[in-house]
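Structure record follows, encoded as structure tokens.
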Amino acid sequence: FSRTTWDLIHTWAGVVMILAAILHFEIHWKWVTKVTGRIVNLSLGGELFTAACDGEVPAITSAIEALRSAKIATVVASGNDGSSNATSFPACISSAISVGSTTKQSAISSFSNSANFLSLLAPGTSITSSLPLAYSSGGFGVASGTSMATPHVAGAWAVLKSAKPTATVSEVLAALQNG
1397 FSRTTWDLIH TWAGVVMILA AILHFEIHWK WVTKVTGRIV NLSLGGELFT AACDGEVPAI
1457 TSAIEALRSA KIATVVASGN DGSSNATSFP ACISSAISVG STTKQSAISS FSNSANFLSL
1517 LAPGTSITSS LPLAYSSGGF GVASGTSMAT PHVAGAWAVL KSAKPTATVS EVLAALQNG
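The C-terminal position of the sequence shown is numbered 1575 in my numbering, with every residue numbered one higher than the one before it.
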């Protein structure tokens, strides 16, 4: 596939995944409220936006807003285009928690998208991680990207939510932003 075709497939696959998650969420509300860590972790790549993109795909924005109103965070990788003033869709949705990548020296990674509306930064350069068979023969390896940073935020989010299960998305975000 060409880069444009792959981006389109990747984005629409994410749209379908989010909508399926919302449907599953609605059907299994009682189970969700008792069992989940109240976090959705997304690593999708789409078009770059220099401001909030809430109107781009209203169904996705509505899904993320519905999750947020249920105190469930949607943590989204900001993208790896190296932009200093834009994030990719759906990280640009104002109710999502957008995550950029930092180096081991706490600098913004050269590949990471960033913008004045980015929610958080987390380690994403040279991260030892499990690798899917599509990228290697499986097992573990070193990878870099905002997709490596986002799980750090999701994990920290889970720890904070376990300490205060009634916390809203805004309260947990503020705790992470303020250290």
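Using N, Cα and C, we set each Cβ at its ideal position, and we do this for glycine too. Quantities reported herein were computed from a predicted structural model and do not represent experimental measurements.
>> Since residue 1471 and residue 1524 should fall inside the 8 angstroms C-beta cutoff, what is the C-beta to C-beta distance between them, to a whole number of angstroms?
In response: With a Cβ gap of about 20 angstroms, residue 1471 and residue 1524 do not count as contacting.
>> With H, G and I counted as helix, E and B as strand and the rest as coil, what does DSSP make of residue 1537?
In response: strand
> Leaving out five residues before and five after residue 1401 in sequence, what residues of the same chain have Cβ atoms less than 6 angstroms from its Cβ?
Replying inline: For residue 1401, the pLDDT reaches just 45, beneath the cut-off of 50, and the residue's location in the model is therefore unreliable, although a value from the coordinates is still provided. Cβ neighbours of residue 1401 beyond the five flanking positions: none.
>> For the pair the stretch 1510 to 1520 and the stretch 1472 to 1479, tell me if three or more CB-CB distances fall below 8 angstroms.
In response: Yes, the stretch 1510 to 1520 is in contact with the stretch 1472 to 1479.
>> Given this structure, state the Cα-to-Cα distance separating residue 1448 from residue 1480, to the nearest angstrom.
In response: As the crow flies, the alpha-carbon of residue 1448 is around 15 angstroms from that of residue 1480.
> Buried or exposed: which applies to residue 1538, given that a residue is buried once 16 or more other Cβ atoms fall within 10 Å of its Cβ?
Replying inline: exposed
>> Can you tell me whether residue 1552 is helix, strand or coil according to DSSP?
In response: helix
> Are the stretch 1460 to 1469 and the stretch 1486 to 1499 touching, with three or more C-beta to C-beta distances below 8 angstroms?
Replying inline: yes
> Buried or exposed: where does residue 1498 fall if 16 or more other Cβ atoms within 10 Å of its Cβ makes it buried?
Replying inline: buried
> What do you reckon, are the CB atoms on residue 1579 and residue 1468 nearer than 8 angstroms?
Replying inline: No statement about residue 1579 is possible, as the shown extent of the chain runs from 1397 to 1575 and does not include it.
>> So for residue 1463, helix, strand or coil by DSSP?
In response: helix
> Can residue 1495 and residue 1549 be called in contact, C-beta distance under 8 angstroms?
Replying inline: yes
>> Given this structure, state the Cα-to-Cα distance separating residue 1575 from residue 1518, to the nearest angstrom.
In response: 12 angstroms
> Would residue 1451 be called buried (16 or more neighbouring beta carbons within 10 Å of its own) or exposed?
Replying inline: exposed
> CB-CB under 8 angstroms to residue 1595, same chain, minus the five flanking residues each way: which ones, in chain order?
Replying inline: Because the chain here runs from 1397 to 1575, residue 1595 falls outside it and cannot be looked at.
> How is residue 1453 classed by DSSP in three states: helix, strand or coil?
Replying inline: coil
> Looking at the unbroken beta strand (DSSP E) that takes in residue 1563, where does it start and where does it end?
Replying inline: Unbroken run through residue 1563: none, as it is neither H nor E.
> Where does residue 1518 sit, in a helix, a strand or coil, going by DSSP?
Replying inline: Residue state, collapsed to three classes: strand.
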